[in-house]
Amino acid sequence: MKAALIHHPIFEKHNTGIGHPETPLRYDVVMKALRGDKKLWENLNEITSEKASKGLIQAAHTPQHFKLVESAFAEGLDRLDADTTISMQSFDASLFAAGGAVSGVDAVMTGEADNAFVVARPPGHHATAERPMGFCLFNNVAVAAKYAQNKYKEIERVAIVDWDVHHGNGTQGIFYTDPSVYFFSMHQYPWYPGTGSRGETGHSRGLGATLNIPVKASTQAAEQKRMFEAAIEDIATNFRPDLIMISAGFDAHLTDPLGQLKLEDRDYVSMTRTIKQWAAEVCQGRVVSCLEGGYNLDTLGETVRSHVKELASN
Ligand SMILES: [Zn+2]
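Set out below in structure tokens:
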């Protein structure tokens, strides 16, 4: 498989302040691990992320939300909620992060790559249609899913698989009444941000197009993986996506300081393979995976490398 690797040096410039877990070093350790695997790196199609336009962002967010992120720093704000700190280049970084996910869609649609991984920060899945939240400014995956549907005739249905340890409340909310985007989140529960119970299954025309699999703290990895496989099998019987996106948080890892689950690198590899197989059956292998969480700087690079290596393998 030809995998695209999308990134931009500005992801180092979104400065969240000393001691913040969502640090620029996350970008460094991930890029170092990927570049350090020469054989893998030579096979990746490296793409520099471009800025998402205001119009693309506003397909998933209100104009007020866009304006807030655009003007916050200039107006003297250094945070957008209790956890979401910003610096001078955060607005630009957030446009390149959403733009990276959009580039991922273009890469798989134009045939430049079979699948893509986007090393973006700030992450996106907590950002709702109306507000930044939980380290997230714009919802990168949601912006890209909307873009894919609007730009490419062959993309009617998108499946978003969110395996971050935290519930993807923002993405869920944006597509809650939309039957064309299936949202599946597997996350520690109860945990931040408090949403993501089994009873949340969509609303109105979107009823049945949201699936939440809450996982108790300290659940064994094998058990969690079984829950994941069963969920994908279930979704695949009812929903045939034209594109699959992954909200790829790696904070459900055994070593992560922000979660209490027990996945290891091999579990992420196996979940990646499951998604790839599903994509091969229904949408010519089109998978766009975007970095969300993952906060152990000693292990994150290697975990991401394993994930990307599996995306790139045959
Ligand atoms: Zn997370």
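What the sequence shown shows, in the working numbering, is residues 4 to 317, in sequence order. Note that the Cβ used here is the ideal one computed from N, Cα and C, for glycine as well.
### Query
So is the beta-carbon of residue 8 under 8 Å away from any non-hydrogen atom of ligand 1?
The answer is no for residue 8.
### Query
Considering only residues of the same chain and omitting the five flanking positions on each side of residue 40, which have a CB-CB separation below 8 Å?
For residue 40, the CB contacts under 8 Å within the same chain, skipping 5 residues up- and downstream, are 308, 312 in chain order.
### Query
Taking buried to mean at least 16 other C-beta atoms within 10 Å of its own C-beta, is residue 306 buried or exposed?
Residue 306 is buried by the Cβ-count criterion.
### Task
Please look up how many angstroms separate the CB atoms of residue 174 and residue 186, rounded, as I've assumed it's under 8 Å.
The pair is a contact, with the Cβ atoms about 6 Å apart (cut-off 8 Å).
### Query
Can you name, in chain order, every residue of its own chain whose Cβ lies under 6 Å from the Cβ of residue 8, other than the five neighbours on each side?
Cβ contact annotation for residue 8 (same chain, cutoff 6 Å, sequence separation greater than five): 47, 49, 120, in chain order.
### Message
By the DSSP assignment, the beta strand (DSSP E) with residue 162 in it spans what residues?
### Response
Taken as a continuous stretch (DSSP letters only), the beta strand (DSSP E) holding residue 162 covers 161–165.
### Query
What are the boundary residues of the beta strand (DSSP E) that includes residue 185?
For residue 185, the enclosing beta strand (DSSP E) has its first and last residue at 184–191.
### Query
Is there at least one non-hydrogen atom of ligand 1 closer than 8 Å to the beta-carbon of residue 290?
Taking 8 Å as the cut-off, one finds no heavy atom of ligand 1 near enough to the beta carbon of residue 290.
### Message
To the nearest angstrom, how far is the alpha carbon of residue 82 from that of residue 317?
### Response
Answer to the nearest angstrom: the Cα atoms are 43 Å apart.
### residue 274 and residue 166 closer than 9 Å at C-beta
Their beta carbons are under 9 Å apart, which means residue 274 touches residue 166 by this criterion.
### Message
Does the distance between the C-beta of residue 126 and the nearest non-hydrogen atom of ligand 1 fall short of 8 Å?
### Response
For ligand 1, at least one heavy atom lies less than 8 Å from the Cβ of residue 126.
### CA-to-CA distance, residue 257 to residue 67, given in whole angstroms
Taking C-alpha positions only, residue 67 is separated from residue 257 by approximately 38 Å.
### Message
Spatial neighbours of residue 207 within its chain, please: C-beta separation below 6 Å, excluding the five flanking residues on both sides.
### Response
So the list reads 180, once near-sequence residues are dropped.
### residue 111 versus 246, 239, 141, residue with shortest Cα-Cα distance
When the alpha-carbon of residue 111 is set against those of 246, 239, 141, the nearest one is in 246.
### Query
Beta-carbon separation of residue 53 and residue 108 under 9 Å?
No, the pair does not count as a contact, with Cβ atoms beyond the cut-off.
### Message
Suppose contacts are defined by Cβ-Cβ distances below 9 Å. Is residue 183 in contact with residue 171 by that definition?
### Response
The criterion of a C-beta distance shorter than 9 Å is not satisfied by residue 183 and residue 171.
#### Entry: Nearest-angstrom beta carbon gap, residue 293 and residue 146 [assumed within contact, 8 Å]
Between the beta-carbon of residue 146 and that of residue 293 there is about 10 Å, and that puts the pair past the 8 Å contact cut.
### Query
Thinking C-alpha only, which one of 291, 244, 299 is nearest residue 268?
Ranking the options by Cα distance to residue 268, first place goes to 299.
### Message
Measuring alpha carbon to alpha carbon, tell me which residue in 203, 290, 92, 228 is nearest residue 250.
### Response
Relative to the Cα of residue 250, the nearest Cα in the group 203, 290, 92, 228 belongs to 290.
### Message
I'd like to know whether the C-beta atoms of residue 278 and residue 161 end up nearer to each other than 9 Å.
### Response
Here residue 278 is not near residue 161, since their CB atoms are 9 Å or more apart.
### Runs of beta strand (DSSP E) lying entirely within the stretch 114–149, each at least 3 residues, in chain order
Entirely contained in the stretch 114–149, the beta strand (DSSP E) runs reaching 3 residues are, in chain order, 118–121.
### Message
Counting C-beta neighbours from all protein chains within 10 Å, is the total for residue 223 16 or more, i.e. buried, or is it exposed?
### Response
Under this definition residue 223 is an exposed residue.
### Query
Taking the continuous alpha helix (DSSP H) assigned at residue 84, which residues delimit it?
Counting along the chain, residue 84 sits inside no alpha helix (DSSP H); it lies in the beta strand (DSSP E) bounded by residues 82–84.
### Message
If you reduce the DSSP assignment to three classes, tell me which class residue 241 lands in.
### Response
Collapsing the DSSP output to three states places residue 241 in a helix.
### Message
So, for residue 1: in the same chain, excluding its five sequence neighbours on each side, which residues have a beta-carbon less than 7 Å away from its beta-carbon?
### Response
Missing from the structure shown is residue 1; the chain here goes from 4 to 317 and no further.
#### Entry: Classification of residue 262 by the beta-carbon crowding that lies within 10 angstroms, buried from 16 upward
Buried: at least 16 other Cβ atoms inside 10 Å.
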